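Going by our numbering, the residue at position 142 of the sequence shown is 142; the numbering climbs one at a time, nothing skipped.
Each residue gets a CB set at the ideal place from its N, CA and C atoms; glycine is no exception.
Note that the structure is predicted; figures quoted are calculated from it, not measured.
Structure record follows, encoded as structure tokens.
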Amino acid sequence: MMMTLGMMVFMRQTLPYQGMQHNVDYRWPTNNRIGQRATAQFLGPGDEKITLSGLLLPEVTGGKISVASLKALADLGRAWPLIGGDGTIFGMYVIEDINTNSAEFFSDGSARRIEFTVNLLRVDESLTAMFGDLKKQANDLLGQSGNLSSSLQTVVGSLSSQVGGLFS
1 MMMTLGMMVF MRQTLPYQGM QHNVDYRWPT NNRIGQRATA QFLGPGDEKI
51 TLSGLLLPEV TGGKISVASL KALADLGRAW PLIGGDGTIF GMYVIEDINT
101 NSAEFFSDGS ARRIEFTVNL LRVDESLTAM FGDLKKQAND LLGQSGNLSS
151 SLQTVVGSLS SQVGGLFS
């Protein structure tokens, strides 16, 4: 697996991309001043976009079905988590557009070669906003596991007393 966007897995059999461009804008508006250079103020990050581009050879890799699957995902109009094959969490992304260019056709008119470009736009505020406070989640899980442990001990104790009663 190279990457996943929601339920779409990018890999050799589906949509193997050969290029990935990651662009992050930062907002620096300026205010003009008389007799001086304009002053700039940092307002924070702006748009974050990822462009995936590649070449499909349907005899070897994914084809029009893979592109159609990606279009179906885009048609839902939702944001999807984008996660790299190495575990990198990029954030929540929407599909802005999908471009395909077909060439070198079989006798039935299907393409032997499909070039594609997918433009993604990040729409979450930050990974913290997406996942919440990870420390709080970890503490909650630890608390739940402690409760589960004591519940299991009670069940095991109850079962062992019932089994022991069967053989007395």
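Looking at A68: is its Cβ nearer than 7 Å to the Cβ of V123?
Sequence index remark: in the sequence shown, residue 68 carries index 68 (1-based). Sequence index remark: in the sequence shown, residue 123 carries index 123 (1-based). Cβ atoms of A68 and V123: not closer than 7 Å.
Quick one: residues in its chain with C-beta nearer than 6 Å to the C-beta of G19, no 5 flanking neighbours on either side, listed in chain order?
Taking the sequence shown and counting its residues from 1, one reaches residue 19 at position 19. Counting only Cβ-Cβ distances below 6 Å, and skipping sequence neighbours, we find S53.
When M92, D86, G87 are compared against G77, the one with the closest alpha-carbon
On the sequence shown, position 77 is the one that residue 77 refers to. Checked all of M92, D86, G87; the closest Cα to G77 is M92.
Measuring CB to CB, does L121 end up less than 7 Å from E96?
Residue 121 sits at position 121 when you count from the first residue of the sequence shown. Residue 96 sits at position 96 when you count from the first residue of the sequence shown. Contact: yes.
Assuming the contact rule is C-beta atoms closer than 8 Å, L43 and R27 should be a hit. Round their C-beta distance to whole Å, please.
Position 43 of the sequence shown holds residue 43. Position 27 of the sequence shown holds residue 27. Contact flag correct, Cβ pair sits at about 4 Å.
Cα separation between M62 and N99?
In the sequence shown, counting from the first residue as 1, residue 62 sits at position 62. In the sequence shown, counting from the first residue as 1, residue 99 sits at position 99. Sequence check: residue 62 is Gly here, not Met. Approximately 15 Å between the Cα atoms of the pair.
Closest to P45 by C-alpha separation, out of Q13, N23, G84, F10, would be which residue?
Working through the sequence shown from its first residue, we reach residue 45 at position 45. With distances taken between CA atoms, P45 lies nearest to N23 out of Q13, N23, G84, F10.
Please go through the stretch 3-68 and give each complete beta strand (DSSP E) segment of 3 or more residues, from N-terminal end onward.
Entirely contained in the stretch 3-68, the beta strand (DSSP E) runs reaching 3 residues are, in chain order, 3-5, 8-10, 19-27, 30-33, 36-40, 44-56.
Just reading off the beta strand (DSSP E) that G84 is part of, what are its end residues?
If you number the sequence shown from 1, residue 84 lands on position 84. In this chain, the beta strand (DSSP E) harbouring G84 covers 80-84.
Buried versus exposed, by CB contacts within 10 Å (16 or more), S110
Your numbering for residue 110 matches position 110 in the sequence shown. So S110 counts as exposed.
Could you compute how far the alpha carbon of I83 sits from the alpha carbon of F116?
Translated into positions along the sequence shown, residue 83 becomes position 83. Translated into positions along the sequence shown, residue 116 becomes position 116. The alpha-carbon of I83 is positioned some 20 Å away from that of F116.
Give the single residue among D75, M1, D86, E48 whose Cα lies nearest to the Cα of S125.
Here residue 125 refers to the residue found at position 125 when the sequence shown is read from its first residue. Just to set this straight, residue 125 is Glu in the shown sequence, not Ser. Here the closest residue by C-alpha is E48.
Simplified DSSP state of D75, which is helix, strand or coil:
By one-based count along the sequence shown, residue 75 stands at place 75. D75: helix per DSSP, three-state reduction.
Roughly how many angstroms separate the alpha carbons of L55 and S107, rounded to a whole number?
Indexing the sequence shown from 1 puts residue 55 at position 55. Indexing the sequence shown from 1 puts residue 107 at position 107. Cα to Cα, the separation comes out at about 20 Å.
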